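Participant: Heads up: the sequence shown begins at 276 in this note's numbering, then just goes up one per residue. Note that the Cβ used here is the ideal one computed from N, Cα and C, for glycine as well. Keep in mind that this is a model prediction, so the values were computed, not measured.
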Amino acid sequence: MTNSVKNINMLDAVKLFFKNYFNFSSRASRGEYWWFTLAYLIACVACFIADWLIFYTLFDQAWYENFGFFINILSLATFIGYISLTSRRLQDAGRSGWWQIVYIAGYIPILIFMIIGIILDSMLFYVITALLGLAYVAFLILILVWLISPPLEDENQWGRNPLID
Numbered sequence: 276m277t278n279s280v281k282n283i284n285m286l287d288a289v290k291l292f293f294k295n296y297f298n299f300s301s302r303a304s305r306g307e308y309w310w311f312t313l314a315y316l317i318a319c320v321a322c323f324i325a326d327w328l329i330f331y332t333l334f335d336q337a338w339y340e341n342f343g344f345f346i347n348i349l350s351l352a353t354f355i356g357y358i359s360l361t362s363r364r365l366q367d368a369g370r371s372g373w374w375q376i377v378y379i380a381g382y383i384p385i386l387i388f389m390i391i392g393i394i395l396d397s398m399l400f401y402v403i404t405a406l407l408g409l410a411y412v413a414f415l416i417l418i419l420v421w422l423i424s425p426p427l428e429d430e431n432q433w434g435r436n437p438l439i440d
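Pasting the structure below:
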């Protein structure tokens with residue numbers, strides 16, 4: 276018996292995104308993740324253009340005064356779903372979805388040490404801030420590698436590979 280492999284397109288990825296909006300426990304293929312990411316990027320560009328056209332032409336605001344109404348609505352509408360999708364993608368690659376807590380909240384220690392450094396005017400805290408920043412960037416690169424990497428097996432603790440029937 277051979278397993279057939281499904282192909283996914285952008286429309287399927289968007290449908291799966293909303294179908295699995297609160298699903299943090301299964302797997303998402305690379306195609307599902309990256310096709311939705313491309314759709315989200317296109318939607319962000321469209322929202323930026325709509326914001327610019329509406330607020331620049333109707334309210335005579337410069338582009339840098341625009342508060343991004345439509346982009347903010349899009350971000351709020353997709354926030355939990357995107358965390359869910361990233362969690363499922365990491366699980367497809369054999370990693371826990373909890374790893375994304377580090378990149379969601381990882382900048383907080385950087386800000387704390389930066390503020391302490393500014394208040395105390397201490398070079399030590401600036402150095403610690405820079406080292407934490409470098410570690411944060413290295414971790415973001417690691418997450419990106421995990422998001423790009425293929426699944427290691429057809430079935431893992433989070434379920435069966437979503438591309439195999």
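Can you tell me the Cβ-Cβ gap for L422 and R363, rounded? I've got them flagged as a contact below 8 Å.
Facilitator: About 11 Å separates the two Cβ atoms, so there is no contact after all.
Participant: Would you decide whether N282 is buried or exposed? Buried here means 16 or more other CB atoms lie within 10 Å of its CB.
Facilitator: Classification for N282: exposed.
Participant: Give me the Cα-Cα distance between S359 and Y296, rounded to the nearest whole angstrom.
Facilitator: 6 Å
Participant: With DSSP as the reference, label G381 as helix, strand or coil.
Facilitator: coil
Participant: To the nearest angstrom, how far is it from the Cα of I439 to the Cα of E307?
Facilitator: Near 13 Å, if we compare the C-alpha coordinates of E307 and I439.
Participant: Roughly how far, in whole angstroms, is the beta-carbon of S301 from the beta-carbon of G434, given that I think they are within contact range, below 8 Å?
Facilitator: Contact check for S301 and G434: beta-carbon distance about 5 Å, within the 8 Å limit, so the pair qualifies.
Participant: Can you tell me the Cα-Cα spacing of C319 and I348, whole angstroms?
Facilitator: 10 Å
Participant: Please name the residue or residues paired with G434 in a DSSP beta bridge.
Facilitator: Per DSSP, N431.
Participant: Would you say the region 370 to 388 touches the region 404 to 423, given that touching needs at least three Cβ pairs under 8 Å?
Facilitator: yes
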